[in-house]
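Engineer: Residue numbers (the working numbering), protein chains in the order written: chain A, 1 to 276; chain B, 277 to 588; chain C, 589 to 1108.
Each residue gets a CB set at the ideal place from its N, CA and C atoms; glycine is no exception.
(1) How many Å lie between residue 180 of chain A and residue 186 of chain A at the Cα?
(2) Could you give the distance in angstroms between the alpha-carbon of residue 843 of chain C and the alpha-carbon of residue 389 of chain B?
(3) May I ask you to report which of helix, strand or coil DSSP gives residue 663 of chain C?
(4) In terms of residues, what are the limits of the alpha helix (DSSP H) holding residue 696 of chain C?
(5) Please go through the same chain and pick out, in chain order, the residues whose beta-carbon is closer than 8 Å to the beta-carbon of residue 157 of chain A, but skip the five residues on each side of it.
(6) Would you say residue 70 of chain A reaches chain B, if we count a Cβ-Cβ gap shorter than 8 Å as a contact?
(7) Which one or two residues does DSSP pair with residue 672 of chain C in a beta bridge?
(8) Keeping to the same chain, check which residues put their C-beta closer than 7 Å to that of residue 154 of chain A; ignore five residues upstream and five downstream.
(9) Going straight from the alpha carbon of residue 472 of chain B to that of residue 383 of chain B, what length do you get?
(10) Can you check DSSP and say which residues form a bridge with residue 1069 of chain C?
(11) Can you tell which of C/1069, C/896, C/750 and C/938 has its C-alpha closest to the C-alpha of residue 659 of chain C?
(12) Using CA coordinates, which residue listed in C/721, C/719 and C/1069 is at the minimum distance from residue 903 of chain C?
(13) How many Å lie between residue 997 of chain C and residue 808 of chain C at the Cα?
(14) Can you have a look at residue 1149 of chain C and say buried or exposed, based on whether 16 or more other CB atoms are within 10 angstroms of its CB?
(15) Does the beta carbon of residue 370 of chain B come closer than 8 Å to any beta carbon on chain E?
(16) I'd like to know whether the C-beta of residue 988 of chain C is nearer than 8 Å to at least one C-beta of chain B.
(17) If we define contact as Cβ-Cβ less than 8 Å, is residue 959 of chain C a contact residue for chain A?
(18) In chain C, which residues lie with their C-beta within 8 Å of the C-beta of residue 347 of chain B?
(19) Taking the alpha carbon of residue 14 of chain A as the reference point, which residue from B/406, B/483, B/552 and B/562 has its own alpha carbon closest?
(20) Return yes when the Cβ of residue 962 of chain C is within less than 8 Å of the Cβ of residue 897 of chain C, no when it is not.
(21) 8 Å is my cut-off, CB to CB: does residue 315 of chain B come that close to chain C?
(22) Look at the alpha carbon of residue 273 of chain A and the alpha carbon of residue 162 of chain A, and state the distance between them as a whole number of angstroms.
(23) Rounded to the nearest angstrom, what separates residue 23 of chain A and residue 41 of chain A at their Cα positions?
(24) Given a cut-off of 8 Å, decide if residue 1105 of chain C and residue 611 of chain C are closer than it, judged by their beta-carbon atoms.
(25) Beta-carbon of residue 820 of chain C versus every beta-carbon of chain A: anything under 8 Å?
(26) By a C-beta neighbour count over all protein chains shown, 10 Å radius and 16 as the cutoff for buried, is residue 789 of chain C buried or exposed?
(27) Can you look up residue 811 of chain C in the DSSP assignment and give me helix, strand or coil?
(28) Does the beta carbon of residue 14 of chain A come closer than 8 Å to any beta carbon on chain B?
(29) What is the rounded straight-line gap between the Cα of residue 627 of chain C and the Cα of residue 370 of chain B?
(30) Could you tell me whether any Cβ in chain B is nearer than 8 Å to the Cβ of residue 620 of chain C?
(31) So, helix, strand or coil for residue 290 of chain B, using DSSP?
(32) Let me make sure I understand the geometry here. Which of C/1047, C/831 and C/995 has the alpha-carbon closest to that of residue 740 of chain C?
(33) State the DSSP-derived secondary structure class of residue 76 of chain A, mapped to helix, strand or coil.
(34) Between the C-alpha atoms of residue 305 of chain B and residue 344 of chain B, what's the straight-line distance to the nearest angstrom?
(35) Using CA atoms only, rank isn't needed, just tell me which of B/506, B/355, B/474 and B/303 is closest to residue 385 of chain B.
(36) Among residues of its own chain, excluding the 5 on either side of residue 691 of chain C, which ones have a beta-carbon nearer than 6 Å to its beta-carbon?
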């Protein structure tokens, strides 16, 4: 069963290409210090806005910092924010959704009501709101994006549990005296895990995009840490003069988001082969 | 159907009130101060304090809540900074946002549905791979970055389109020229969603029994696809258009910022930056109401396509 | 094909410009804040207010060192310096407003009303400037201002000039419009308010009855376009005639190369100063502040911004103001703290921080603050001072620094006099949170109170300037702040725009549009 899915995934050329892109971004994040040609924080104000080429393959920014090195280090922020915010979002969302779905009654009603309210906001609007309350910084960004993802995952998990809870084997397990946590863990979770994994991968892509959006508005990670969104934001002031300052980090975002989206798609298709 | 609509709208009210209350509490927890934002660097603490009192920010929280709610019911409240009624701001901004979102959806439907059909019919062949890859790229690119690229190409380099603000509605040609690039930004994103959705729905339907029966009966593939399958496949596509309209509203925020369009999204980010509590509360609720409305319209539109759908 | 389109566009534009002389300006702002001149503080609001209102006297357009008559034809001061009498110009018409479609003639009643408003903290952000003054209407065309303590003209006249609280708000429309006045301003200036479209623009039309003669322009439109690329594209395509630019040299140089575009870089500009918080460890230690000063290179920060746009500032008051201290004078006193990393490290070691230390500070997301602060961060890192920066939005930044959370505060400001600079940033009463009148003394310095007060009531200009300079020398010895540079304004305009006066490269606060401004 499992190996068949793996094979289905590997047969999917898009998914494999996505996995390569995503792996490249993760690799860049891991080995940035080793491969970056310069220190991403070292400023050289006597060599600002240098065009691509020479010692700076992608040029320098408006404080004379090496753009390529900043993009490589920027991958660290994107991946960190993506992974941790998705972990938070998936964890909390799954918990809320599974509990609401399993226990039912007023608890379910109340929890899903809140989820519905939160879902009525566009993702970015909600992200903006949380950042305004929490303040800026990488840790807060992670929490904010995690919170944004929570209701989405909660609704998904809830839907899955509701579909399952009347199934006979669950009823049987309950009759056999299994406690709620055991049932959730042994019977419900494995059945929705696949779908949550697909969602988590796709949300990884979304998280990276939301991070870029918030940074672009100016509410992201603080300097001097390079992030792709910050780099575009700073580059936009120079769009007419040195457009590459915005174009290159944008390409990095595109590659990362595309990679995770392709992997997520591939996983989904592997779970549900009839869509291929 | 009327009763269904009324009931959905009635349910929306407590939701929106909850949203309003949450935002009211949230913005007051966040750091920053509208009086400081309004007065800038020159103001002394005395001037700031005087303005805070005038803005009514020194009153107990529950009195502020009562006041802002009463103001909201009157004219959506008044901006703390400019004292312009939020209702009036919305009235000038909303048409620009709706115009943009609508144009995005139209472009998405016009480009996306045929592409989706093409990729489904030519499954696992070159057009399919190309269409799917492009759709994924469109799905992955942040709206603001796409906007920047379009500005760079069509405004800075080619100088075909203006990029400042929005054209007046009275001047159709100026209005459309200003709309072109932002609408294209949203349109490209929307096209990607629609392409993918049309493709997967059509593929699903093509496996259904009645399609097989049609083929077995010897109907031409074209008839099967366009007359029978497409109609059923479009139901979920419409629903996605609806859901994505809500997403588009989010993307339209960034598009409005990048293109300096005087829409709802820019108003809201501006209100947030200025700590204009009243305007922010009002605007976020308007957003919530828009989403509720879009969802309702989506649900109702099922009935138009599929008469079997009953509203209870 | 593109060429053809270009020609058509230019042709249409020329025809358009030929008949309706509407000047369009795009500012770096998302929206206006207020057009009540007694609250207007941001550049884009000040620029609009300036076209709508007059003062009793005015700074000569393009050159703020000279005062000339505005609403007052003439004025005199009593020999004891306590009573100022202003003789109003006759026949000045207030713009039309609801309730007075023809407007009315401005008299002393309006002037006294406006001065009272400016002095009232509930109706003005500049009330503090008018403490200890009484205002009297002697007759319809004569206004008398009586001071508790005599002030020199260089300190008094800015209070009644066309800036901030000195703008005359007529009584009739202010009372008729109430709170709506902030977005429906009514004054006496060359242009009158016509329309405000939130987050988009303000439209002004010519005041045909302006007392200096009807303006040459038919109207002015002020657009709010926060994105600089959009502004520049709009300038290039002819959508607007003048834009606020990026205050950095690389931008100026790039835009100067474009055809048909003129770039104005003008001052006096705003001071960019790093305030060192003497109440927070380890910055409270003088040796640590000296180490910071020796670690920093003013020249490097200026290079990052560009020498044409940023002029070195070596003391608290910029040299263009009376009592300002030029870098040469600071050098004479040996207080330049020229960069010396070795000395900086030794001072840190002596203070007990041989390996440096770590501090955290907030900064706003605005580039004109954030960029130099990031450079300072990189410079301090060279001697082991690790400055952690948290970027917040602009209003949070202003709130937070006034709550005294930062050990280092980067502040950008323009103040009309040496007294205002010194009182507001370095008088003990202005200390944030704990001062008698908390304001913007971020360093908690208390050493120059006496000098500031002595200078304020000194009527001999030379002696007054000496006292101010003495205060600044003391501030440099204490290192309450490390002044970085004066940041000039950058505007780009179509070469068709003729201001109607000579914009001296040194002294204007924004490009003023007057009755003589026109499109060639």
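Structural biologist: Judging by the given coordinates:
(1) Position 180 of the first chain holds residue 180 of chain A. Position 186 of the first chain holds residue 186 of chain A. Between the alpha carbons of residue 180 of chain A and residue 186 of chain A lies a distance of about 10 Å.
(2) Working through the third chain from its first residue, we reach residue 843 of chain C at position 255. Working through the second chain from its first residue, we reach residue 389 of chain B at position 113. Roughly 44 Å between the two C-alpha positions.
(3) Locating residue 663 of chain C in the third chain gives position 75, where the first residue counts as 1. For residue 663 of chain C, the secondary structure class from DSSP, reduced to helix, strand or coil, is strand.
(4) On the third chain, position 108 is the one that residue 696 of chain C refers to. Its alpha helix (DSSP H) spans residues 696-706.
(5) Taking the first chain and counting its residues from 1, the one referred to as residue 157 of chain A is at position 157. If we look at residue 157 of chain A and ignore the five residues flanking it on each side, its Cβ neighbours are 93, 94, 96, 97, 98, 101, 192 and 196.
(6) If you number the first chain from 1, residue 70 of chain A lands on position 70. Not closer than 8 Å to any Cβ of chain B, the Cβ of residue 70 of chain A fails to qualify, so no.
(7) Your numbering for residue 672 of chain C matches position 84 in the third chain. Beta-bridge pairing links residue 672 of chain C to C/665 and C/733.
(8) The count along the first chain starts at 1 and reaches residue 154 of chain A at position 154. These residues qualify, in order along the chain: 93, 96, 97 and 115.
(9) In the second chain, counting from the first residue as 1, residue 472 of chain B sits at position 196. In the second chain, counting from the first residue as 1, residue 383 of chain B sits at position 107. So the alpha carbons of these two residues sit roughly 15 Å apart.
(10) Indexing the third chain from 1 puts residue 1069 of chain C at position 481. Looking at the DSSP output, residue 1069 of chain C shares a beta bridge with C/863.
(11) For the purposes of this step, residue 659 of chain C is taken as residue 71 along the third chain, with counting starting at 1. The shortest Cα separation from residue 659 of chain C among C/1069, C/896, C/750 and C/938 belongs to C/750.
(12) In the third chain, residue 903 of chain C corresponds to position 315, counting from 1. Cα-wise, what sits closest to residue 903 of chain C is C/1069.
(13) Your numbering for residue 997 of chain C matches position 409 in the third chain. Your numbering for residue 808 of chain C matches position 220 in the third chain. Cα to Cα, the separation comes out at about 38 Å.
(14) Given a span of 589 to 1108 for chain C in the structure shown, any question on residue 1149 of chain C remains unanswerable.
(15) The chain inventory of the structure shown lacks chain E, comprising the protein chains A, B and C.
(16) For the purposes of this step, residue 988 of chain C is taken as the residue at position 400 of the third chain. It does: the Cβ of residue 988 of chain C has a partner Cβ on chain B nearer than 8 Å.
(17) Along the third chain, read from residue 1 onward, the residue named residue 959 of chain C stands at position 371. The C-beta of residue 959 of chain C comes closer than 8 Å to at least one C-beta of chain A.
(18) For the purposes of this step, residue 347 of chain B is identified with residue 71 of the second chain, where counting begins at 1. Correct list: empty, because the minimum Cβ distance to chain C is about 13 Å.
(19) Looking up residue 14 of chain A in the first chain gives position 14. Closest by alpha carbon: B/406.
(20) For the purposes of this step, residue 897 of chain C is taken as residue 309 along the third chain, with counting starting at 1. For the purposes of this step, residue 962 of chain C is taken as residue 374 along the third chain, with counting starting at 1. Remark: C-beta atoms of residue 897 of chain C and residue 962 of chain C do not approach each other more closely than 8 Å.
(21) Position 39 of the second chain, counted from the start, is the residue given in the question as residue 315 of chain B. Residue 315 of chain B belongs to the set of residues whose beta carbon lies under 8 Å from a beta carbon in chain C.
(22) Counting from 1 along the first chain, the entry for residue 273 of chain A is found at position 273. Counting from 1 along the first chain, the entry for residue 162 of chain A is found at position 162. For residue 273 of chain A, the predicted model reports a pLDDT of 49, less than 50, meaning its position is unreliable and no value from the coordinates is stated.
(23) The sequence position of residue 23 of chain A within the first chain is 23, counting from 1. The sequence position of residue 41 of chain A within the first chain is 41, counting from 1. Those two C-alpha atoms are separated by around 25 Å.
(24) Here residue 611 of chain C is taken as the residue at index 23 of the third chain, counted from 1. Here residue 1105 of chain C is taken as the residue at index 517 of the third chain, counted from 1. Closer than 8 Å, so yes.
(25) By 1-based counting over the third chain, the position of residue 820 of chain C is 232. Interface residue (Cβ-Cβ distance to chain A less than 8 Å): residue 820 of chain C is classified as such.
(26) Mapped onto the third chain, residue 789 of chain C falls at position 201. When all chains shown are included, residue 789 of chain C counts as buried.
(27) For the purposes of this step, residue 811 of chain C is taken as residue 223 along the third chain, with counting starting at 1. Strand, per DSSP.
(28) As a working note, residue 14 of chain A is residue 14 in the first chain. Answer yes: the Cβ-Cβ gap between residue 14 of chain A and chain B drops below 8 Å somewhere.
(29) Position 39 of the third chain holds residue 627 of chain C. Position 94 of the second chain holds residue 370 of chain B. Between residue 627 of chain C and residue 370 of chain B, the C-alpha separation is close to 29 Å.
(30) For the purposes of this step, residue 620 of chain C is taken as the residue at position 32 of the third chain. It does; some Cβ of chain B falls within 8 Å.
(31) Locating residue 290 of chain B in the second chain gives position 14, where the first residue counts as 1. Taken through DSSP and simplified to helix, strand or coil, residue 290 of chain B comes out as helix.
(32) For the purposes of this step, residue 740 of chain C is taken as residue 152 along the third chain, with counting starting at 1. Measuring from the Cα of residue 740 of chain C, the nearest candidate turns out to be C/1047.
(33) Along the first chain, read from residue 1 onward, the residue named residue 76 of chain A stands at position 76. For residue 76 of chain A, the three-state secondary structure derived from DSSP is helix.
(34) For the purposes of this step, residue 305 of chain B is taken as residue 29 along the second chain, with counting starting at 1. For the purposes of this step, residue 344 of chain B is taken as residue 68 along the second chain, with counting starting at 1. Each residue's alpha carbon lies about 16 Å from the other.
(35) As a first step, residue 385 of chain B is located in the second chain; it is residue number 109 there, counting from the start. The shortest Cα separation from residue 385 of chain B among B/506, B/355, B/474 and B/303 belongs to B/474.
(36) To locate residue 691 of chain C, count along the third chain from 1; it is residue 103. Result list for residue 691 of chain C: 681, 682, 683 and 684, in chain order.
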